[in-house]
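Every letter in the sequence shown is one number past the one before it in the numbering used here, and letter 285, counting from 1, is 286.
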Amino acid sequence: MSWFKNIFKKEEKETLDKGLEKSNQGFFEKMTKAVVGKSKVDDEVLDNLEEILIASDVGASTTIKIIERIEERVARDKYVGVNELDEILREEISGLLLENPHAGSGNIDTSKKPYVIMVVGVNGVGKTTTIGKLAHQFKSEGKKVVLGAADTFRAAAVDQLVIWSERVGVTIVKQEMGSDPASVAFDTVQSAVAQDADVVIIDTAGRLHNKINLMNELSKIKRVMQKVIPDAPHEILLVLDGSTGQNAFEQAKQFTAATEVNALAVTKLDGTAKGGVVIGISDQFQIPVKYIGVGEKMQDLQLFNGTEFVDSFFKKR
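Right, here's the structure in full:
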């Protein structure tokens, strides 16, 4: 079976490389201009690199950390040629991502059954699609999955989730439009327990207009689920649209203030040059980026691996 795993791994890596192509091209075009006529890494090169990282949506705070790490390397090694800068940058960013205490977390804790995932995020970030792709992944692994359509404020959200449940072939629990989202969540976990399901994925409304209302709603959903499964939800997954760059940081701030987010999914990275946002979000929030979306296909939602991500982001093509 190892040869099959290797082929699958190779395909995943190729998908990641392709998904980060725009980010990679944008970065190297700017880097080439930044070091033209230079043989060694000096203050001017580092100033240019700082601008490039910020323009790639890595974020100011994370960029400063990266530049400081490179400055230490330059000071220690006395002479660093610009041709070594790519490799140093890759090493330092990989090191930074691995410092996140949760970096490289695995998939789900199978000792929790059913394992309950509550998915949060604003409308339009790819939340429902992410849920569908996750359901597909879990089902492919032989797990029994139940979906809960607790975004009862938008008919489109429920309809879309029903379509995904049919496409993937998993059970869905839903109620009438405008129903209490907590009631849907309660019915979903109760149904999952009765069916001896392995995984429950609950969709929630993506509204940020009032943080207090959002906080209250998400707290209520958690409370009612805990009547059935005392430690639910096991995972609160925040979905962010990578193509929005700095706006994704703002959404992460809002949702981490409203509820205890413990996993992140960053979607739509294949359609943007803003892939650097993954590096900044992982560093700034110290919450594991668990999944990244690098394409349209079912299998294009990948488990995040910091080292492989950096390798693809800074790959010379």
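We put the CB at the ideal spot given by N, CA and C, even for glycine.
The DSSP-derived three-state label of L238 is strand. Every alpha helix (DSSP H) stretch that sits fully inside the stretch 103-162 and reaches 4 residues is listed by chain position as 128-141. Residue burial annotation: D58 is buried, with at least 16 other C-beta atoms found within 10 angstroms of its C-beta. A check of alpha carbon separations from S141 across F315, G296, V200 and L54 identifies V200 as the nearest.
Bridge partners of Y80 according to DSSP: none are assigned. Per DSSP, the continuous beta strand (DSSP E) segment holding Q303 begins and ends at L302 to L304. In this structure, DSSP gives A266 an extended state, which the three-state scheme calls strand. In this structure, the straight-line span from the alpha carbon of K269 to that of G296 is close to 7 Å. Distance from V311 to I293 at the Cβ level is roughly 12 Å; contact not present, criterion being Cβ atoms closer than 8 Å. Partner residues in the beta bridge of I173, as assigned by DSSP, are L148. The distance from the Cβ of L162 to that of D188 is about 14 Å, inconsistent with a contact at the 8 Å cut-off. Using a C-beta cut-off of 8 Å, the stretch 222-232 makes no contact with the stretch 275-284, since fewer than three inter-stretch Cβ pairs fall below that distance. Separation of A264 and K254 (C-alpha to C-alpha, rounded to the nearest whole angstrom) is 14 Å.
Excluding its 5 nearest sequence neighbours in each direction, K23 has C-beta neighbours in its own chain below 7 Å: T273 and A274, listed in chain order. Between I68 and I89, the C-beta spacing is not below 8 Å. For T153 against G179, the beta-carbon gap comes to about 6 Å, under 8 Å, which counts as contact. For I202, the enclosing beta strand (DSSP E) covers residues V200 to D204.
Excluding sequence positions up to five before and after G27, its CB lies within less than 8 Å of the CB of S57 and A274, all in the same chain and listed in chain order. Put simply, of A249, V159, L241 and L148 the residue whose alpha carbon is nearest the alpha carbon of A193 is L148.
Approximately 10 Å separates the beta-carbon atoms of V81 and S40; this is outside 8 Å, ruling out the contact. One thing to note: I118 has its Cβ no nearer than 8 Å to the Cβ of L304. Per DSSP, K41 lies in no beta strand (DSSP E) segment and is marked neither H nor E. A contact is defined here as three or more CB-CB pairs under 8 Å, and the stretch 243-257 fails this definition with respect to the stretch 128-137. K128 and V240 have their alpha carbons spaced roughly 6 Å apart. If you check the CB distance, A198 and K145 come in under 8 Å.
For G272, no beta strand (DSSP E) run applies, since DSSP gives it neither H nor E. Ranked by Cα distance from R77, the first of F139, V123 and V42 is V42. The Cβ atoms of A183 and V121 lie no closer than 8 Å to each other.
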